[in-house]
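As you go down the protein sequences, you meet chains A and B in turn.
So the first sequence is numbered by my numbering: it starts at 12 and just counts up by one.
So the second sequence is numbered by my numbering: it starts at 3 and just counts up by one.
Before any comments, here is the structure.
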Amino acid sequence: MKFRCERDTLADAVATAYRAVASRTGALPVLAGLLLRLQPNEVELVGSDLELTIRVRVPAEVDGVGSAVLVARLLQELMSRLAAGAVRVEIGEDQAKIEAGRFRSEVRTLAASDFPRLPEAEGEGVKVAAGPLAQGLRQVVPAASKDDARPILTGVLIAATADGVRLVATDSYRLAVRDLPGLNLLGEGRSVLVGAKGLSELQRLLPTEGEVEVFLGERQVTFRLDGTELTARLVEGEFPNYQQLVPSGYPNRLTVQRDALADAVNRVRLVGGQNRDSSPIRLAMSAEGLELSATAQDVGQSYEPVEAKYEGTELTVAFNSQFLLDGLEATGSSELVIESVDPLKPAVLRASDTSDFLYLLMPVRIA
Amino acid sequence: MSVAPADAAILHVDLDAFYASVEQHADPSLVGRPVVVGGLGARGVVAAASYEARRFGIQSAMPMARARRACPDAVFLAPRFDAYQDASRAVMAILHSYTPLVEPISLDEAFLDARGARRLHGTGADIGMAIRARVRSDTGLVASVGVATTKMLAKIASDLAKPDGMLTVTPGTELDFLHPLDVSRLWGVGPATRRRLDRLAVRTIADLAALPEPALQRALGHAHGAHLHALAHNIDERGVEPDRQAKSIGHEETFPTDVTDRARLDRDLTRFAERVATRLRAHATVARTVQIKARYADFRTVTRSRTLREPTDLADDLARVGRELLAELPLGDGLRLLGLSAHQLLAVAELQPALPFDDDDPGAGSRRADLERTIDDVRRRFGDEAVGRAARSAPPRGKPA
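Structure below.
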């Protein structure tokens, strides 16, 4: 069996499916490969690490049907370096011939029979707007934990609300909450936990316009787009009770321009050198406004006043600078509000004009 | 190619027979006599021996009983760590007066990068001589110094210079100096590696350098082989790191008799945890990993470690994990040594506290921390025995231990 496809089309598809390929294959070496399924007039490429599966269909001239698994990394690197034009792939018993222009390659294939059974979309599909979902994911997903030792926190909570869904993620140091009214993804009262890695890939795939069809099964959720399907296994377990963390009101309120603050944080934290991501940045808030400062032992200090409006008692609170920048980025709005209680209690970042997103951040102890 | 500095200005300063020398300086009647510092009980081990004692074959890590037999007339002393710490601080202060680039390795050993100090203080060898003179005049201790273009060579040179000497490896002659030496002079060549190299007929560093790298890697493993191959060609790119923090903080004790009583071992771990936690807090440091070390009656030594979800500086946390690790360990014929140490240390300033989720009582952590800090304070003012935990005390009399 063989197929012929345009390099640009194939390269995009390979790159997309490759994002689900396991970085560590462990017990199942075939997961280092991309499954190619040849069907009449199209080729489907599938990458999977068992948690996440991405399937992409591309139009192709196909001769013969069947499946083969090619080493994903090689294919991905090759596609990015081939010149534009036709790519021909001929699949034999245990090797594949790849030809493009004057380039030729014969590579060993992996056993297609070892490739795990492909997840099929379960349940009834629900169509929702892709743009708002992508925006919500962009705001919330970075707050999820990357520590596999805490599986529940590597998931994003998707919970039905009265008029839509709410997305919540936390790595236990910060918490991001986004309400998406009108996005009726789930039945009333339902909530699921979906791995942040899969959702982050979904967010890259989602178009700004149009719709995505969502199939929620018992153990998995599938997002179907034009020609591409992403299936993520649900994370099992109970998401921590985050609601009690968010107080109804805060005595201290700082209003500041987001870009001005982010630029100043980026300058002031430089003194932290290699540790600047985790180095604390102090926010001294008073009637005069805001002064940022950072101190690095044996290196020095930096300061910068930032124009801001402050209502409340004089207060200095310190945050991990990267977590603060992540929050500023996620909040999105040009003007934002930082609300705080005292230097030891969680502070809230939110846009000054909407209340559909909030970012809760635990301060760092300052000596 | 080595990126070694062109001039010999890396110094390794090593105090001779450090603990014993401090004792001899503190009590002039001990000068010229064999002095042995270490555990004095039946199971004690020699921590340091003066050169007078070494003439009788006494070495550090030797059982104290053997040392007593080797030289019954020696002066045997229990260690006084406070005095050694003070002496070490005085020596390190002298080193810092030549350059800020001082990397302390232990109480009695440090590397210096004196490249930037040469305009003020002369060549590396000049600085080495000046340091030796000042250590002697200011502290009464004897420092041996190695001067070379790399850390490894400086360390080997100071070893060869001992006692009371200095050795400079002139740039350009590094391999002439290194190659005739026994392979065991290299870092990373312990008894096991030594035996494997012996099978390849490798005895000197020249033999090692002559061996192709792949052959060495097959014999010793990829990373270790590559590492030794580089060292044998004097490729040692590690710089002097002044800020190198302690990698771990721990406490261990050798028991007078082998211990099989788990309750007793748990109490010991609790006590060790308090000492370790106090030192963590004194260094404004928290630990992410707790390790226990157990040595059996037959000297077999095992370690077990566990990484915590949140880093801690609290004795409670260290002790709890330590006891869990011990519970999973068979005791066999009993333990002759038990230790607890804290690893993966982080400065408190870098510590990010967690949001107060309600799955644990939000105030509990800070209340325990307050309690332990109060204990630190009481002990500072009234001494270590002024306050302790109930779990540390022996069970009440009348109950089986």
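Backbone N, C-alpha and C fix where the C-beta goes; we use that ideal spot for every residue, glycine too.
All values derive from a computational prediction rather than experimental measurement.
In the three-state scheme derived from DSSP, where H, G and I count as helix and E and B as strand, G40/B is classed as strand. Residues of chain A whose Cβ lies closer than 7 Å to the Cβ of A356/B are, in chain order, S183, Y184 and M373. As DSSP reads the structure, R308/B sits in a beta bridge with V292/B. With a cutoff of 8 Å on beta-carbon distance, V359/A and P262/A are scored as not near each other. Here I96/B is actually not in contact with D161/B; their C-beta atoms are around 21 Å apart, not less than 8 Å. A Cβ-Cβ separation of about 7 Å places A122/A in contact with V80/A under the 8 Å criterion. By the neighbour-count definition (other C-beta atoms within 10 Å, threshold 16), V100/A is a buried residue. A Cβ of chain A is located within less than 8 Å of the beta carbon of L353/B. With at least 16 other beta carbons inside 10 angstroms of its own, T181/A counts as buried. For secondary structure counted as the alpha helix (DSSP H) over 4 or more consecutive residues, the stretch 219-254 of chain B holds these complete runs in sequence order: 224-234. For R293/A, the nearest beta carbon of chain B is not closer than 8 Å to its own beta carbon. For the pair I65/A and L340/B, the Cα-to-Cα distance works out to about 52 Å. In terms of Cα proximity to G40/B, the closest of E276/B, S90/B and E255/B is E255/B. By the neighbour-count criterion, in which a residue is buried when 16 or more other Cβ atoms sit within 10 angstroms of its Cβ, E54/B is buried. Residue pairing for A107/A: DSSP places it in a beta bridge opposite I102/A and V118/A. Between A11/B and R138/B, the CB-CB gap reaches or exceeds 8 Å. For the stretch 246-276 of chain A, the set of positions with a beta-carbon nearer than 9 Å to some beta-carbon of chain B reads P251, N252, Y253, Q255 and L256 in chain order. L282/B sits close to A344/B, with the two beta carbons spaced by under 8 Å. For A92/B, same chain residues with a beta-carbon under 7 Å away, outside a window of 5 residues either side, are D140 and T141 in chain order. Under the three-state reduction of DSSP, S139/B is assigned to helix. Counting along the chain, D29/B sits inside no beta strand (DSSP E), nor does DSSP assign it H or E at all.
Inter-residue distance for L256/A and A49/B is about 54 Å (C-alpha atoms, whole angstroms). Under the 8 Å criterion on CB atoms, F113/B is classed as non-interfacial with respect to chain A.
A contact is defined here as three or more CB-CB pairs under 8 Å, and the stretch 238-250 of chain A fails this definition with respect to the stretch 187-195 of chain A. Taking one beta carbon from each stretch, the stretch 329-341 of chain A and the stretch 313-321 of chain A have fewer than 3 pairs nearer than 8 Å; the two do not touch. Scanning its chain for C-beta atoms nearer than 6 Å, with the 5 sequence neighbours on each side dropped, one finds around E111/B the residues D16, in chain order. Bridge partners of T242/A according to DSSP: T64/A and T233/A. Apart from the 5 residues on each side of it in sequence, T239/A sits with its Cβ closer than 8 Å to the Cβ of T27, I65, R66, V67, R68 and L216 in its chain, given in chain order.
The stretch 222-234 of chain A makes no contact with the stretch 49-56 of chain A: fewer than 3 CB pairs, one atom from each, lie closer than 8 Å. Among the residues of chain B, those whose CB is under 8 Å from the CB of P357/A are L357 and P358, following chain order.
Here G103/A is exposed: its Cβ has fewer than 16 other Cβ atoms, across all protein chains shown, within 10 Å.
DSSP places F334/A within a helical segment (H, G or I) once states are collapsed to three. Boundaries for S59/A: no alpha helix (DSSP H) harbours it, while the beta strand (DSSP E) harbouring it runs E53 to S59, taken from the DSSP string. For N195/A, no Cβ of chain B is located within less than 8 Å of the residue's own Cβ.
Between the alpha carbons of G190/B and L183/B lies a distance of about 15 Å. DSSP, reduced to helix, strand and coil, places T256/B within a strand of the structure shown.
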